[in-house]
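Contents: one structure, followed by commentary.
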Amino acid sequence: MAIDLHMHSTASDGTDPPQSFGELAVAAGLSAIALTDHDTIAGLGAAQASCKAAGVEFVPGIELSTERGRPRGALHMLGYFIDPTSPRLGEVIDVLTEARSTRNPQIIEALNEVGVDITLEEVLDEAGGATVGRPHIAAVLVRKAYAKSIQDAFKRYIGVGGAAYRRKQGIHPAVAIDALHAAGGLAVLAHPVQLRCEDDEDLERTIGSLAKLGLDGLEAWHSDHTPAQVKKYCRIAERYDLLLTGGSDYHGRRKSIQMGKPIVDDQVLAALREAAQRRVQ
Ligand code: AMP
Ligand code: ZN
Ligand code: FE
Ligand code: FE
Numbered sequence: 047m048a049i050d051l052h053m054h055s056t057a058s059d060g061t062d063p064p065q066s067f068g069e070l071a072v073a074a075g076l077s078a079i080a081l082t083d084h085d086t087i088a089g090l091g092a093a094q095a096s097c098k099a100a101g102v103e104f105v106p107g108i109e110l111s112t113e114r115g116r117p118r119g120a121l122h123m124l125g126y127f128i129d130p131t132s133p134r135l136g137e138v139i140d141v142l143t144e145a146r147s148t149r150n151p152q153i154i155e156a157l158n159e160v161g162v163d164i165t166l167e168e169v170l171d172e173a174g175g176a177t178v179g180r181p182h183i184a185a186v187l188v189r190k191a192y193a194k195s196i197q198d199a200f201k202r203y204i205g206v207g208g209a210a211y212r213r214k215q216g217i218h219p220a221v222a223i224d225a226l227h228a229a230g231g232l233a234v235l236a237h238p239v240q241l242r243c244e245d246d247e248d249l250e251r252t253i254g255s256l257a258k259l260g261l262d263g264l265e266a267w268h269s270d271h272t273p274a275q276v277k278k279y280c281r282i283a284e285r286y287d288l289l290l291t292g293g294s295d296y297h298g299r300r301k302s303i304q305m306g307k308p309i310v311d312d313q314v315l316a317a318l319r320e321a322a323q324r325r326v327q
């Protein structure tokens, strides 16, 4: 059966509450899911309970914002089978939450400077207690008619190159990998295409250096990847002895991504589970 190991709830920048994921997974025909909210574990308990009630296997996950070390491209580290009570992981989450609280007012200030009438309170309202991300800011910009769509808001204002783009301080990938391991989990490089490497050589070098730091896997299947890219990532994973994972990066109605697309086979999860068990032994 099909699985989906990358999705976001209202605990970060998705629009579906974590307690709805069991039902959503059944409706999408999935046998297992992982919730991977940005820099938070707040949704895991509710999502896990809903999956249990719906008969869907649940993998506790997270997506950590790490430093790319370059102005362009994102390096996001997925964690799977993590213990949400891990103090070490908790410390890393605190650092990342602080980084968001520093950056978000900077974005608002920059928006005000270019004549956009928006307040931090409006953004916090939009987030409703969640880990605040740029999609929340984008949603306010759309609501107040400063942008036609979330995409448009990123392009014109808050994406890389936009008038109000402000970098968020991330943690070093090594810190993310170590914290995920300390939490009994596995570390997987999310959507390698978003690294925006210059060429295949650069991509291999980057993944090779992450493998040296203890990276466990690569997210080969993702809604942003073309079939040719999936093939390439599978080849690289084999070369560096990395596990393969996949997921949609579903965000609810804030993005046009469908849950369960692309299709990921449940054998992927079997290999991941075995590796996680080997790690904690
Ligand atoms: P943040 O972690 O607050 O910097 O926000 C990252 C989130 O913004 C991720 O969910 C991204 O998928 C989303 N995002 C980044 N760039 C874009 C874009 N150009 N259009 C739509 N969403 C984007
Ligand atoms: Zn997101
Ligand atoms: Fe991501
Ligand atoms: Fe994501």
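Position in the sequence shown counted from 1, then plus 46, gives you the numbering used here.
All C-beta atoms, glycine included, are put in the ideal place defined by N, C-alpha and C.
Can you tell me whether residue i is helix, strand or coil according to DSSP?
i           : result
residue 135 : helix
residue 255 : helix
residue 50  : strand
residue 288 : coil
residue 372 : Because the chain here runs from 47 to 327, residue 372 falls outside it and cannot be looked at.
residue 106 : strand
residue 79  : strand
residue 265 : strand
residue 325 : helix
residue 211 : coil
Are there any heavy atoms of ligand 5 lying less than 8 Å away from the beta-carbon of residue i, as far as the coordinates show?
i           : result
residue 218 : This structure does not include ligand 5; its bound ligands are ligand 1, ligand 2, ligand 3 and ligand 4.
Between the Cα of residue i and the Cα atoms of the options, which residue gives the shortest distance?
i           : options            : result
residue 238 : 114, 80, 264, 79   : 264
residue 65  : 276, 90, 199       : 90
residue 220 : 194, 147, 252      : 252
residue 314 : 135, 234, 63       : 234
residue 288 : 305, 259, 57       : 259
residue 71  : 316, 325, 304      : 304
residue 178 : 59, 50, 102, 55    : 59
residue 329 : 110, 198, 93       : Not covered by the structure: residue 329. The range shown for the chain is 47 to 327.
residue 82  : 63, 107, 103       : 107
residue 57  : 312, 297, 323      : 297
residue 320 : 126, 226, 170, 187 : 126
Kindly identify the DSSP beta-bridge partner or partners of residue i.
i           : result
residue 111 : 122
residue 348 : Only positions 47 to 327 of the chain appear in this structure, which leaves residue 348 out of reach.
residue 233 : 125
residue 217 : 112
residue 297 : 299
By Cβ distance below 8 Å, which residues in the same chain neighbour residue i in space, the five residues on each side in sequence not counted?
i           : result
residue 166 : 150, 151, 154
So, for residue i: in the same chain, excluding its five sequence neighbours on each side, which residues have a beta-carbon less than 7 Å away from its beta-carbon?
i           : result
residue 211 : 204, 205
What whole-angstrom Cβ distance do residue i and residue j have, given they're in contact under 8 Å?
i          : j           : result
residue 50 : residue 294 : 5 Å
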